[in-house]
Amino acid sequence: MVESFVGDLSNWYIRMSRRRFWKNDIDEDKESAYNTLYEVLVTLSRLLAPVLAFMAEEMYQNLVRSVFPDAPESVHLSIGRQQIHRLSISD
Numbered sequence: 009m010v011e012s013f014v015g016d017l018s019n020w021y022i023r024m025s026r027r028r029f030w031k032n033d034i035d036e037d038k039e040s041a042y043n044t045l046y047e048v049l050v051t052l053s054r055l056l057a058p059v060l061a062f063m064a065e066e067m068y069q070n071l072v073r074s075v076f077p078d079a080p081e082s083v084h085l086s087i088g089r090q091q092i093h094r095l096s097i098s099d
């Protein structure tokens with residue numbers, strides 16, 4: 009299941025958005041592409057938490073806690089909270 013999802017994500021979304029990721033300019037389109045990928049990965053960590061706890065926690069710590077220190081300490085504590093984080097891409 010997870011392998012299939014990751015395959016679909018990399019073969020569909022990332023491939024389709026490749027030009028958006030590789031732009032030299034930092035514009036709204038590029039930020040939107042990165043934020044979409046970020047939200048998908050954070051949501052995946054929350055969905056995996058009950059089944060693959062250690063992997064989900066590692067993803068959450070790297071994706072969320074490293075960027076937003078005030079976020080809940082664990083992926084398990086973040087489940088049920090509606091949080092949308094926006095990453096800021098800087099040079």
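In this note's numbering, the protein residues as written are 9 to 99. Here a beta-carbon is modelled for each residue, glycine too, at the ideal position from N, C-alpha and C.
Straight across, the Cα-Cα distance linking Arg-28 with Leu-17 is about 15 Å. In this structure the stretch 32-49 lies against the stretch 9-23, because at least three pairs of beta carbons, one per stretch, are closer than 8 Å. Gly-88: not part of any alpha helix (DSSP H); DSSP gives it neither H nor E. In the three-state DSSP reduction, Ala-79 falls in the coil class, being neither helix nor strand. If only complete runs of 3 or more residues are kept, the stretch 23-77 shows no beta strand (DSSP E) anywhere.
Between Glu-66 and Ser-82, the C-beta spacing is not below 8 Å. By the Cβ neighbour-count rule, Val-50 is buried, with 16 or more other Cβ atoms within 10 Å of its own.
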